[in-house]
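Below is one structure; the comments refer to it alone.
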Amino acid sequence: MAVNGDLRLYSKWKEFKEIWSQNLLLSLTILSVIIGIWFGFILRGQNLSETTVTLIKFPGEIFMQVLKLMILPLIISSLIAALAQMDLKESKQMAFLTLGYYSVTTFFAIITAIILVTVIHPGDPTIKRQIIIQENPNISPLDTFLDVLRNMFPENFVQATFQRVKTVYSPLDAIFPGETNTVLNQTTEFKKEIQYVSGMNILGIIVFCTSFGIVISHLGEKAKLVVEFFVICEAAIMKMIEIFMWFAPIGIICLIAGNLLEVENLSATATVLFWYVFTIISGLFIHTIITMPTIYYFVTRKSPIRVCKGVTQAIVTTFGTASSGAALPISMQCVEENLWVDRRISRFILPLGANINLDGNALYEAVAVIFIAQLNNISLSFSQIIIISFIATIASLGLNSVPVGLVTILVTLNTVGLPVNDVPLIITVDWLLDRIRTAMTVLGDAYITDAVSHCIGKDLKDADRNNRFHQDIQAEIRMLESAAHSRRPSKVSLILPTPSPSSLTATCCARRRHSETILSPHLLTANNQQQHPLTMNDVIITKMNSSLQKINEV
Numbered sequence: 020m021a022v023n024g025d026l027r028l029y030s031k032w033k034e035f036k037e038i039w040s041q042n043l044l045l046s047l048t049i050l051s052v053i054i055g056i057w058f059g060f061i062l063r064g065q066n067l068s069e070t071t072v073t074l075i076k077f078p079g080e081i082f083m084q085v086l087k088l089m090i091l092p093l094i095i096s097s098l099i100a101a102l103a104q105m106d107l108k109e110s111k112q113m114a115f116l117t118l119g120y121y122s123v124t125t126f127f128a129i130i131t132a133i134i135l136v137t138v139i140h141p142g143d144p145t146i147k148r149q150i151i152i153q154e155n156p157n158i159s160p161l162d163t164f165l166d167v168l169r170n171m172f173p174e175n176f177v178q179a180t181f182q183r184v185k186t187v188y189s190p191l192d193a194i195f196p197g198e199t200n201t202v203l204n205q206t207t208e209f210k211k212e213i214q215y216v217s218g219m220n221i222l223g224i225i226v227f228c229t230s231f232g233i234v235i236s237h238l239g240e241k242a243k244l245v246v247e248f249f250v251i252c253e254a255a256i257m258k259m260i261e262i263f264m265w266f267a268p269i270g271i272i273c274l275i276a277g278n279l280l281e282v283e284n285l286s287a288t289a290t291v292l293f294w295y296v297f298t299i300i301s302g303l304f305i306h307t308i309i310t311m312p313t314i315y316y317f318v319t320r321k322s323p324i325r326v327c328k329g330v331t332q333a334i335v336t337t338f339g340t341a342s343s344g345a346a347l348p349i350s351m352q353c354v355e356e357n358l359w360v361d362r363r364i365s366r367f368i369l370p371l372g373a374n375i376n377l378d379g380n381a382l383y384e385a386v387a388v389i390f391i392a393q394l395n396n397i398s399l400s401f402s403q404i405i406i407i408s409f410i411a412t413i414a415s416l417g418l419n420s421v422p423v424g425l426v427t428i429l430v431t432l433n434t435v436g437l438p439v440n441d442v443p444l445i446i447t448v449d450w451l452l453d454r455i456r457t458a459m460t461v462l463g464d465a466y467i468t469d470a471v472s473h474c475i476g477k478d479l480k481d482a483d484r485n486n487r488f489h490q491d492i493q494a495e496i497r498m499l500e501s502a503a504h505s506r507r508p509s510k511v512s513l514i515l516p517t518p519s520p521s522s523l524t525a526t527c528c529a530r531r532r533h534s535e536t537i538l539s540p541h542l543l544t545a546n547n548q549q550q551h552p553l554t555m556n557d558v559i560i561t562k563m564n565s566s567l568q569k570i571n572e573v
């Protein structure tokens with residue numbers, strides 16, 4: 020009896036170790052969030068200097084910079100490689116489904132926000148603080164919308180990698196109506212200018228890469244070398260990200276602890292804004308737990324729990340970094356490996372969703388603006404509430420991958436004529452709310468990606484059966500994935516026949532012909548002959564030899 024008990028205990032321990040080893044990075048990431056929060060609260064009572072806080076946050080800043088470094092090459096390579104393997108019909112169908120799904124979820128997010136902020140009524144005028152900030156220009160929502168369109172069509176692709184268009188309001192010299200020596204009558208005029216500001220123009224890059232990938236898909240075999248180049252670049256970037264993500268726990272601990280140390284008067288802020296924070300978190304919770312799973316189940320008839328489990332790593336990373344753009348590579352990896360989504364679908368929807376998925380921002384902006392109106396005892400009509408919701412959505416368009424709460428709130432407040440003096444009050448808790456709503460955005464992107472995959476995944480496979488070019492590219496992608504995962508034989512590795520002795524002593528031209536045999540997916544065998552695993556060096560050599568031969572033929 021004791022032996023059986025020991026065996027059961029050993030079996031459970033072995034099962035626990037297996038689960039832990041399979042989910043080690045996820046477990047460490049979740050643990051890092053908890054440690055970061057605990058570490059931040061512990062150090063708040065130590066009266067640390069500004070230099071010490073900077074040093075604590077420094078590893079997290081490096082982690083964020085490396086993640087953001089991967090965004091541009093990943094978006095370019097993944098979008099072009101994905102769309103180049105799709106026909107125009109499938110591309111249009113995927114785009115329409117994605118935009119339609121996003122519109123529906125954003126609409127429900129706004130409705131949830133309006134209902135909650137009206138019922139809970141978090142804006143009590145008695146807690147209002149008279150905070151004076153610098154005078155702000157009357158920012159027009161039309162200018163914001165036009166900036167989005169300008170950024171979608173950049174005039175210089177290289178410039179779009181580090182600059183974007185923005186309408187800037189510059190103050191002119193002061194004007195003194197009446198008495199020229201009195202300050203009371205002073206007013207300020209602002210001049211509107213269209214300028215280039217620092218920041219990656221992701222929308223413009225997505226539009227260009229989408230067009231480029233669709234055109235390449237029409238060229239077919241003629242563009243095979245170009246497609247292979249971007250496929251290899253994408254595989255290399257994803258491998259770099261996979262290695263670097265083992266440093267994520269350290270970076271997340273430093274980021275969260277540093278943010279907690281930078282917040283002043285945390286207890287007083289929590290007391291004043293408790294109901295405001297409660298309203299937004301409740302709205303995000305309802306939208307995440309009820310609305311999005313319901314829509315997903317209605318479309319796919321699948322359990323939404325599998326999606327939550329599949330992207331847990333991406334959600335935790337997003338909460339730690341507060342940026343859906345920085346967590347984009349992890350999101351792609353999660354939906355492809357855990358949800359088995361076609362890489363062409365994920366590589367199109369996820370970069371797009373990081374910029375146009377407005378659920379979290381629309382809900383947050385609507386609650387924030389109505390909260391400020393309640394603080395000032397201003398009653399809003401139904402039409403004003405609709406305008407607030409619409410402007411909050413448009414103002415967030417294209418800016419979802421970076422924290423932009425202050426900008427969009429100012430735009431919405433100026434549009435409906437509400438005071439802006441209380442904006443700094445709600446910005447004090449934005450560090451927390453931004454992390455929560457961004458994590459919700461990543462989960463929403465995963466729902467949409469899997470739903471679109473459910474709708475058009477079969478059509479993509481049927482189209483691939485009738486397209487030899489697509490089959491060849493898919494086979495080469497599988498070779499790259501196999502070579503990137505391990506240099507040793509494994510159950511899922513692609514294997515090749517061992518070259519004969521004569522082939523080992525062949526000339527360079529013969530080796531080139533042998534490399535062409537390796538490239539052909541139809542000659543990959545798994546018989547009982549002596550076999551060896553395909554390594555990354557094999558892939559690179561065969562690609563180079565194949566490319567050289569094609570150039571010589573031309």
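Using the numbering used here, you'd call the opening residue of the sequence shown number 20 and step up by one each time. All residues carry an ideal CB built from backbone N, CA and C; glycine is no exception. Computed from a predicted structure; not experimentally measured.
Check: Residue ranges of each alpha helix (DSSP H) within the segment 247-292, 4 or longer; Outcome: 267-281, 285-291
Check: Residue(s) in a DSSP beta bridge with residue 186; Outcome: 213
Check: Nearest-angstrom Cα separation, counted from residue 484 out to residue 544; Outcome: Because residue 544 sits at a pLDDT of 38, beneath the cut-off of 50, its placement in the model cannot be relied upon, and the point is left open.
Check: Cβ neighbour criterion (16 or more within 10 Å) applied to residue 153; Outcome: Its pLDDT being 44, under 50, residue 153 is placed unreliably in this model, and the coordinates cannot settle the point.
Check: Beta-carbon proximity list for residue 323, same chain, < 8 Å, skipping 5 on both sides; Outcome: 311, 312, 315, 316, 466
Check: Whether residue 62 touches residue 276 by CB criterion (8 Å); Outcome: yes
Check: Top-ranked residue by Cα proximity to residue 382, from 333, 350, 303, 359; Outcome: 303
Check: Residue 294 vs residue 141 beta-carbon contact at 8 Å; Outcome: yes
Check: C-alpha gap between residue 28 and residue 357, whole angstroms; Outcome: 29 Å
Check: With 16 other Cβ atoms within 10 Å as the buried cut-off, status of residue 32; Outcome: exposed
Check: Unbroken alpha helix (DSSP H) run spanning residue 346, endpoints; Outcome: Careful: residue 346 lies outside any alpha helix (DSSP H) and carries neither H nor E.
Check: Residue 402: CB within 7 Å of a non-hydrogen atom of the ligand NAP; Outcome: Although the ligand NAP was asked about, the structure shown includes no ligands whatsoever.
Check: Residue 397 in three-state terms, based on DSSP; Outcome: coil
Check: Through-space distance from residue 380 to residue 73, alpha-carbon basis; Outcome: 29 Å
Check: Residues near residue 264 by beta carbon distance below 6 Å, same chain, minus five either side; Outcome: none
Check: Coarse secondary structure for residue 200, derived from DSSP in three states; Outcome: With a pLDDT of 48 at residue 200, under the threshold of 50, the predicted position of this residue should be treated as unreliable, though the coordinate-derived value follows. In this structure, residue 200 counts as coil in the three-state DSSP scheme.
Check: Rounded straight-line distance, which links the Cα of residue 343 to that of residue 260; Outcome: 15 Å
Check: Anticipated Cβ contact below 8 Å, residue 257 with residue 348, distance rounded; Outcome: 7 Å
Check: First and last residue of the uninterrupted alpha helix (DSSP H) at residue 237; Outcome: 221-238
Check: Nearest-angstrom beta carbon gap, residue 461 and residue 346 [assumed within contact, 8 Å]; Outcome: 6 Å
Check: Rounded distance between the beta-carbons of residue 362 and residue 101, thought under 8 Å; Outcome: 6 Å
Check: Under 8 Å between C-beta atoms of residue 75 and residue 280; Outcome: yes
Check: Reference residue 228, options 96, 262, 60, 450, closest by Cα; Outcome: 96
Check: Local conformation of residue 140 per DSSP, three classes; Outcome: coil
Check: Cβ-Cβ distance between residue 378 and residue 306 below 8 Å; Outcome: yes
Check: Burial state of residue 513, where buried means 16 or more other Cβ atoms lie within 10 Å; Outcome: Any reading at residue 513 is ruled out, since the residue's pLDDT is 36, under 50, leaving its predicted position unreliable.
Check: Extent of the continuous alpha helix (DSSP H) run through residue 373; Outcome: 362-375
Check: 8 Å contact criterion, which residue 391 and residue 231 should meet: CB distance rounded; Outcome: Contact flag wrong, Cβ pair sits at about 44 Å.
Check: Segment contact, 8 Å Cβ cut-off, at least three pairs: the segment 215-225 with the segment 80-97; Outcome: yes
Check: Beta-carbon contacts of residue 132 that lie in its chain and below 6 Å, excluding the five residues immediately before and after; Outcome: 302, 382, 385, 386
Check: CB of residue 428 within 8 Å of CB of residue 448, strictly; Outcome: no
Check: Helix, strand or coil at residue 180 [DSSP, three-state]; Outcome: coil
Check: Distance between beta carbons of residue 47 and residue 233, contact taken as under 8 Å; Outcome: Wrong, their Cβ atoms sit about 40 Å apart, outside the cutoff.
Check: Contact under 8 Å by Cβ, residue 113 with residue 236; Outcome: no
Check: CB of residue 338 within 8 Å of CB of residue 456, strictly; Outcome: no
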